[in-house]
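Written below as structure tokens is the structure these notes are about.
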Amino acid sequence: QVIPGHEARSVEALCWAAGERLFGAGLGGDISEYDLARLCVARSVDGCGGPIWSMAANSSGTQLAIGCEDGSVKLFQVVPGGIQFERNLDRRKGRILCLSWHPSDTHIAAGTIDALRVFDVSSGQTVQRIMVNYHVQKVQRECIVWSIAFLSSGTVVTSDSFGRVQFWDWERGTLLESHTVSTSAVLSLAVSEKEDSIVVGTSTGATYQFQLLPVKMGSLEKRWVRTKPFQHHTHDVRAVAHSSTALISGGLDAQLVIRPLMEKMQKKGYDAVLRKFTFPHRRLVSCARKARLLLFQFSQHLELWRLGSTDETGKDGEVLPLCRMPEHLVQLKSKGPEHIYCSCLSPCGSWIAYSTASRFHLYRVQYEGDSVSIKKVRKVPKLLLPAYQLQFSSDSSSLFVASARGSVHVLQLLEPGGCKHLHTFQPPSGSPEAVYLLASSADGHWLAAVGGDWAIHIYNLKCFKHHCTVPMYSCAVTALAIHPVTNNLVIAYSDQQLFEFSIPEKQYTAWSRTVQNCGLHKAWLERDSPITHIAFNPKNPSHILLHDLYMFCVLDKSLPLPDNSALLMNQSTLKQLPETARQRQLHAFKICKKFQPLLFADLLDENCLVMVERPIMDIKTQLPLPVQQKKFGT
Amino acid sequence: MVAPATLRVVRCGGSALHGARAVFSADSYLLCASGDFVKMYSVATEETLRVMGGHADLVTGVQLNPHNHMQLYSSSVDGTIKLWDFMDGIPIKTFTVGSKLLALYALASSEDSVFVVIPKSGERDTFQLVSVKLTKAAGQDLEAKELSVVLDGVDASPKRIAFGREGEYVASVKEVNLQVYFFKQKQLNRFSVSATKTKSGNNHFTCIACHPAEDCIATGHADGKIRLWRNFYHKKEYTFSTLHWHHDTVMDLAFSIEGTSLLSGGVESVLVLWRNESDRQKDFLPRLGSAIEYISMSSDGALCCTLHTDNRITIINSNLRFSKSIQGLIKSTDVKTGLVVDPRTKALVLNGEPGHLQFYCLQSDQQLFSLDIVQRQYIHQAGLNQTDLVKVAFSAQGKWLATVEEREEVTDPELQLKLWFYDEETQSFKLNTRINMPHDDHITDMCFRDMDELEDDSLILVTAGRDCVFKVWVMVEDTDPEAQQSVSWSCDFVGSYHNYQATNCCFSEDGSLLAVSFEETVTVWDSVTWDLKCTFCHPPGKIRNICFGRLTCSKYLIGATDYGFLCCWNLLSCALEWSAHLNVLVLQPDPLSEYIAAVSWLSKESSLFVFKPNEPRPIYIQRNLCKEKIQLAAFVPRDEPETIGSEKYLWLRRSQLFFLTDTQELMTLSTKSLEERLTPSSKQLAVEESLPVTPFSLLLGKHRRQQSQKDIGLGKLVCNKHEQDSPAVKELLHTPAHVLPSASFLCPIFINSLLISKESKSAEEVADEVEMESEKTEDDSDEERDVTEMEQEDASPVELLGEMTCKLSKSQEKELRKIRKIDYSWISAF
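Residue numbers (UniProt numbering), protein chains in the order written: chain A, 1 to 634; chain B, 1 to 830.
Spelled out as structure tokens, the structure:
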């Protein structure tokens, strides 16, 4: 789930407080509380101190401290239904870049430029001020304390722009230990629950672990020792977290990395594997099959492309010459600072709909030869916004808008450019969570909707009635689609399970039951990325086309399922095997893994498949340059 | 013992220094294993002070006795551990263990046992670490059979086992596994790194070091990484951090004494100092010459030393400054130049460091200097073709030096011929002429026309090449006015013979004839007109070596073929004089006599034959010279002709023969027996083991012995007093100044040894104790105390000395009185 961003409000700090409430603060100067059900900002309060650089909640989650541009540290009381300004702590010059509460909630450590300060919470006074660059001779540039942590032993850990991680005794104001981990800045720092391990992230993309280890066996003297370096990022590591079994880091290269700590793992297996997340697990591309158009969703704009085509046929592995080049038709800029949350292109290609957090837009696209004209549909019915997912019916006559509280709006599209609100589906039991996935059947009969509570509701579109609910499963749905012929609903869950549910019969199909009885292949279940899209082969109804970020799979229901001893092999390696071996390897999963991150795959017609790749290098070239590092031998 | 007047093979340098890490003794000596010997160097003067021989095979470990820092344990492949008094160079005890010992470790915490690595019985290539109990029994040769296995499956290399803080644990690495054994808990933990193979090598462990104060183990890996392991008493929650600078194998690691820094070295020949276990704070000492094999720290932390693969020892200050270098014969990868004697210094000249020519002084076992011939940066990387020195030749007076360097390329080799002129002012060789590509292919041989009496302009250099020609180079006047030198070298004549490859060339003694061998044929050329005079051949078999006879035998030409024949041709009759079936590897004429030495290699042993060309019968045969293959030999002229009794060894009178084996050990033949060669000091008797041996106590011990002798033979005392005293004085004056104790200590001894009456008095007093006592009872209490001290004199000479100085200074009056009294008794005793 994604909370859409806002251009003017970059989020600098996030924290969980008072149970399950998420607060964010940013350079806009506001503290916002997010509504996790509706995925939007619930309310926001002005911090009154200029841009907010840091925020931290105390251990009980009752108070929030923010550090502002003007050097003030403000305390807010977390009350039901909002936050309340409580008091200002001693204000000094210099922006407060990081904050940390002592676990007993009596003191706050704050890092500023060149110094760190410790505040007494009850009196609000600065009780200690330590200059961090005191030990460096001839300092030319300022030393920025990027991150700070207050340990229960009274040790304050700072990481600064000189690449040092330092341990301070705050009461005496003395330096206990100093470790230079990098030549560039150490940006982030996180402490484990037991305070025996620290993870830091640097601007070179490396993360380091520090461990509190006894100096000698059996002795009580312990020391912080830099132990393991990890280089998973290419750019700044802006945020790190330390769970009991893993280090989690995220950075400017738009990757989230979960690195399990092997020594904390009981056994090797699924949990003990390093995992990287680069792309959101959402559909960002929509395709008009008949019109051969693709719509790409970016954070601030949409792009409409016409696919190229070829007349020739060739053998496997050949690149065919194009007779018509792909064509960039329209770039549609979103108005306002808000990010686009979802978008959709109708199958006929003449309608485009997108939604931001507060607004919903519908466009009519007209093609006259090579020129394209785009017209905004004026009178859009007032809907409960934001829309979380948009889906056109297969005949492009209606648009389904997924909305909050489990509701789905049905809009009828009128020629030459209008629309009308037809109906709103509500789950019979009601739901607080928004709908985030929609699937409509090809015959226009059925609509499946998945809410944030992972319940799948099926509605009958002919009589606008709730048809049934798919039995609940304890995992998030990542993709679903309705088979055009059999009207079976195929569901992919985040734990890589696959289900097939017959809508007319309101039960799982026999194939789905055998899948559940046999269990899926271990290698399949241990994949990293979830299935993001499901399509069907109209020629062969037993084929299901699945894809995730790294592979494309044709699931043939007519073939036997592989057991764990069989190898889930890539098609290209399979091709090298002799015919007899290939026969032995025959099973339901035909996997192709040659893609750079695969964002979208869909069948245009019977013998045409469109694939959208997004090479990571493309993204990296748009990022700011990473810190230059000399690599030996280059 | 060896029968008199038989030749013995004596090693005189160059053997591998890397059996084990070197050890610093407490008083700045450096002890290291060198072949079958333990060598003792002075850190201050770089001198080899002592060579301790006694092991029958390679010495694999040297360790100071942790309970007596004047004693040294050494282990050897011959299965014995020897305890040495290294100040005297005497073996105190020999413990026979039985199996091969591959490494030795001595711990302070283990009272009477040491740890050794031995091969596991019954299994090949598996080794175990065992502790050996060294029995305290009396006697020189002891059996040490009480073995207890500590670790199984260890590596044979001494670098791969280390003992941790206060001997609490022992850690050993092998391939990708690390095992740590805790002695107290009797717990064995095993860790491993995943075996990955990258292009820079695998990550096998190569060496290990333990932190002296903390529980931290540093391991070096073949891919250049250093891992610092901590928390290794937990099987699961162990952790390590990585330091990476080396691009190739980390050869050795050492922690500083406090453990605050770590030293590492590898083939880059750069010593890296890692501070605070951080990879951001490191210091380098680059350009150490060659790959670092071992690193050791002195016990006070002030010095560290690195042993290099080329047998050099570098001593480095604690602030990572190069301090001294102890270098004997530098071991180079391949001695391509052969053994050449520099006529000027009589030093042995051969390949040294890559691209350098070393001048090795045989008398002092030291490198005189190293001449950079290639003058290019040497890059330490495997698989890189580097320019190297292949041939070297001196003119008769040592005024000119010719060198050939080549870079091995598959298609066409890069060749350079350089001619160096000896500059009297700078006392070094100066480059005169450089000739690029003197031949189209490898140069096989090179020689100067060797004529002492002739003028400079008759100097001729001949090079023979595989491009089927030999070329004659002469000096010409340089016409270029801008040139800084007056002469340069250029090619004068190119000769060839039937398009055969030229393999050897050699001038006759008077320089009138040049012999060049072309594969199977030897051609003889007139060196004035460059006419082909005659040819010889002895088919089948290509000519391996040729040389002319000298002095009375100058009409003979000797050649050795690779078919195992040694032929002697008469140049006057142009006929084969004699031939012998002998697989000659080395043919070396003595420049000062007519003798020629030939070394053959037959059935895995080298034999030496010395003959005169005019007699087909060899003068001297020594079978089984040594087990190694002898690669090169050289006659080095003696400064003075040696007096040799036996007729048989007359050939050794004017020159000494040196050999270089393929392990680059330098050997020579000596007529002196072993006893004569031993230094007098090493023949001294062993002092009592309980006493810590210092130079000072040694001095005293001797002194005391003399005293006790005096005690016994009182009668002889006076007459030879002076002679008896003089050794102490002599000792004092002859001991190097840096090993002497402070002057305040020495002064009393010195004075004491000169005090005739005082000496005899003290001895007298003890002898005539009863008599004295009767007199002393009347004396005051001070006197009585004196007597008791005198009685103790024998047991503790040090005390006595202290007492005496104080007496001399304090109570002069009493002294005088006493002397008067004692003088009386002394006379009476006479």
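Ideal Cβ placement from N, Cα and C applies to all residues, glycine included.
Backbone secondary structure at residue i - three-state DSSP
| i | result |
| --- | --- |
| residue 846(B) | The structure shown has nothing for residue 846(B), since chain B only spans 1 to 830. |
| residue 459(A) | strand |
| residue 20(A) | coil |
| residue 750(B) | helix |
| residue 619(A) | helix |
| residue 509(A) | coil |
| residue 517(A) | helix |
| residue 553(B) | helix |
| residue 744(B) | helix |
| residue 458(B) | helix |
| residue 681(B) | Any reading at residue 681(B) is ruled out, since the residue's pLDDT is 38, under 50, leaving its predicted position unreliable. |
Short CB-CB distance (under 9 Å) between residue i and chain A
| i | result |
| --- | --- |
| residue 782(B) | Residue confidence is low: residue 782(B) scores 45 on pLDDT, short of 50, so the model does not pin down where it sits. Its coordinate-derived value is still stated next. Judged by the 9 Å Cβ criterion, residue 782(B) is not in contact with chain A. |
| residue 222(B) | no |
| residue 195(B) | no |
| residue 762(B) | At residue 762(B) the pLDDT is 46, less than 50, meaning the model places this residue with poor confidence and gives no usable figure here. |
| residue 255(B) | no |
| residue 788(B) | Below a pLDDT of 50, predicted positions are generally treated as unreliable, and residue 788(B), at 41, falls in that range; no measurement from the model is reported. |
| residue 432(B) | no |
| residue 181(B) | no |
| residue 466(B) | no |
| residue 78(B) | no |
| residue 268(B) | no |
| residue 165(B) | yes |
| residue 213(B) | yes |
Given residue i as reference, the closest of the options once Cα atoms are compared
| i | options | result |
| --- | --- | --- |
| residue 448(A) | 256(A), 36(A), 392(A) | 392(A) |
| residue 443(B) | 421(B), 426(B), 416(B) | 416(B) |
| residue 259(A) | 315(A), 188(A), 93(A), 228(A) | 228(A) |
| residue 521(A) | 587(A), 543(A), 489(A) | 587(A) |
| residue 592(B) | 542(B), 652(B), 624(B) | 652(B) |
| residue 57(A) | 69(A), 13(A), 81(A) | 13(A) |
| residue 377(A) | 197(A), 611(A), 354(A) | 354(A) |
| residue 341(B) | 749(B), 27(B), 368(B) | 368(B) |
Whether residue i touches residue j by CB criterion (9 Å)
| i | j | result |
| --- | --- | --- |
| residue 102(B) | residue 156(B) | yes |
| residue 527(B) | residue 466(B) | no |
| residue 41(B) | residue 326(B) | yes |
| residue 550(B) | residue 294(B) | no |
| residue 190(A) | residue 163(A) | no |
| residue 502(B) | residue 517(B) | yes |
9 Å Cβ cutoff, residue i in contact with chain B
| i | result |
| --- | --- |
| residue 216(A) | yes |
| residue 247(A) | no |
| residue 632(A) | yes |
| residue 182(A) | yes |
| residue 201(A) | no |
| residue 226(A) | yes |
| residue 389(A) | no |
Per DSSP, cross-strand counterpart(s) of residue i
| i | result |
| --- | --- |
| residue 160(A) | 145(A) |
| residue 351(A) | 364(A) |
The ligand FAD heavy atom lying under 8 Å from the CB of residue i
| i | result |
| --- | --- |
| residue 594(B) | With respect to small molecules bound, the structure shown includes none, and the ligand FAD cannot be examined in it. |
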